[in-house]
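*Asks:* Have a look at the structure that comes next, please.
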Amino acid sequence: MEGLFIILISIISFFALKYYELPQSPASSSISPIKKTVSNMNHNEIYHLLQASLPELKKQSIPQDSQDFAHFRDWMNEHHAYMGYVEIKEFYDNGIADSEVLKNAQVDTAALENKIGQDVHKVWDKYSEDDFENLSISEQMDLNLEIDYEVEKALFNNIKHAAEEKNLKLFVVNRENPYWFVLPNHPDHNQNIVNAFNQVFEDDGDTKLVIY
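Shown next as C-alpha cells:
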C-alpha cells in the first residue's frame, strides 16, 4: 500500500510539473507585447517630422509633456506663427496674415482674406430671417450648423487653393474650433506627419489632423 501511495504522488508531481511548463494562453501572453508597444511609442516623432519640414523649429526644445496638445500648439508658435486658429463665427480672425509660411511663400494674404470674406457673404446671402422664423428650435440649430460648415468650407478651400499655388499643403486640426497650418508639399512625409500626430493626440477622437 505504501508503495502504491508513493507511485501515485510521483504521477501527480510529474503532471503538475508539465502543467507549469506549458506556454501561456494567448490572452495572457498578449498583455506584455501590447504594454511594450505603448511604452516604446515615440511620442516625439511628430516634433521631429515637423522640424524636418520647418527647420526653424529645431531651435526650440521639445515640450516635456509632448502629448499635451496645448503644449504642442505653443511649441509650434513659440518664435513664429506656424499654426493658426479660428472660431468659425469669427472667421475673419483666422491667423492668415500672421502665417510665417504663407508670408515666406509671398502669398497675398490681404487678397486671400478678401476672397474668403466674399465667399462667406455669399453663404450668408443665401439665408434670411424668414428661413428661421418657421423653424423649430432644433431645426434652427441644424441650420446654424449647416451655415457654419459652409463658412468653414469657404475659409479652408481658399487657404488650400492659395497654398497649392505655392506648392504648399494645408493641414487642419479638427476640433470644436479648428487649427490649421501649411507645409511644403511632400506627400509621403506629410502623411507620416498625419499618422504621428493622430497617434499622439488621440483625445478620444476629438482632435484629429487631416490634409485638407
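To get my numbering, take the position in the sequence shown, counting from 1, and add 21. Ideal placement from N, C-alpha and C gives every residue a C-beta, glycine not left out.
According to DSSP, is G105 helix, strand or coil?
*Replies:* DSSP places G105 in strand when its eight states are reduced to three.
*Asks:* Mind checking whether T130 and I117 have CB atoms under 7 Å apart?
*Replies:* It is a contact, given that the beta carbons lie within the stated cut-off.
*Asks:* In or out: Y269 buried (at least 16 other Cβ within 10 Å) or exposed?
*Replies:* Coverage of the chain is limited to positions 22 through 233, which leaves residue 269 absent and any answer about it impossible.
*Asks:* Touch check for the segment 206 to 218 and the segment 67 to 80: three-plus C-beta pairs under 8 Å?
*Replies:* Touching, per the Cβ criterion.
*Asks:* As a quick exercise: from V128, W145, I214, L164, pick the residue whose alpha carbon is nearest that of V194.
*Replies:* Closest option to V194, Cα to Cα, is I214.
*Asks:* So for L176, helix, strand or coil by DSSP?
*Replies:* Three-state result, L176: helix.
*Asks:* Can you find the residues in the same chain that come closer than 8 Å, C-beta to C-beta, to N125, ignoring five residues on each side of it along the sequence?
*Replies:* Cβ neighbours of N125 beyond the five flanking positions: none.
*Asks:* Flag this pair as yes or no: are the beta carbons of F218 and F90 separated by less than 7 Å?
*Replies:* The answer is no: Cβ separation not under 7 Å.
*Asks:* For F153, count neighbouring Cβ atoms within 10 angstroms of its own Cβ and tell me buried if that reaches 16, exposed if not.
*Replies:* With fewer than 16 Cβ atoms within 10 Å of its Cβ, F153 is classed as exposed.
*Asks:* Would L191 and Y148 qualify as a contact pair, given that the criterion is a beta-carbon distance under 7 Å?
*Replies:* No, they are not a contact pair.
*Asks:* Using 10 angstroms around the beta-carbon of L230, count the other beta-carbons present and answer buried if the total reaches 16, otherwise exposed.
*Replies:* With 16 or more other Cβ atoms within 10 Å, it is buried.
*Asks:* Short of 8 Å in beta carbon distance, which residues of its chain neighbour K136, apart from the five on each side in sequence? Order them along the chain.
*Replies:* Correct list, in chain order: N179.
*Asks:* If I follow the unbroken beta strand (DSSP E) through L156, where does it start and stop?
*Replies:* Counting along the chain, L156 falls outside any beta strand (DSSP E), and DSSP gives it neither H nor E.
*Asks:* Compute the distance between the beta-carbons of N115 and V122, then report whether it is under 7 Å.
*Replies:* Result no, Cβ atoms of N115 and V122 do not sit closer than 7 Å.
*Asks:* What does DSSP give as the partner residue(s) for F202 in the beta ladder?
*Replies:* Partner(s): F192.
*Asks:* Can the beta-carbon of Y68 be found less than 7 Å from the beta-carbon of F202?
*Replies:* In this structure, F202 does not lie closer than 7 Å to Y68 by Cβ.
*Asks:* Between which two residues does the beta strand (DSSP E) holding K136 run?
*Replies:* Here K136 belongs to no beta strand (DSSP E); instead the alpha helix (DSSP H) covers 130 to 146.
*Asks:* What's the call for G226, buried or exposed, on a 16-neighbour Cβ count within 10 Å?
*Replies:* By the neighbour-count rule (16 or more Cβ atoms within 10 Å), G226 is not buried but exposed.
*Asks:* CA-CA distance, F177 and L78?
*Replies:* Whole-angstrom Cα-Cα distance: 24 Å.
*Asks:* Comparing C-alpha positions only, which one of K80, Q88, S87 sits nearest to H101?
*Replies:* With distances taken between Cα atoms, H101 lies closest to K80.
*Asks:* Answer with buried or exposed for A184, where buried requires no fewer than 16 other C-beta atoms within 10 angstroms of its C-beta.
*Replies:* So A184 counts as buried.
*Asks:* Can you pull the DSSP bridge partners for L230?
*Replies:* V194.
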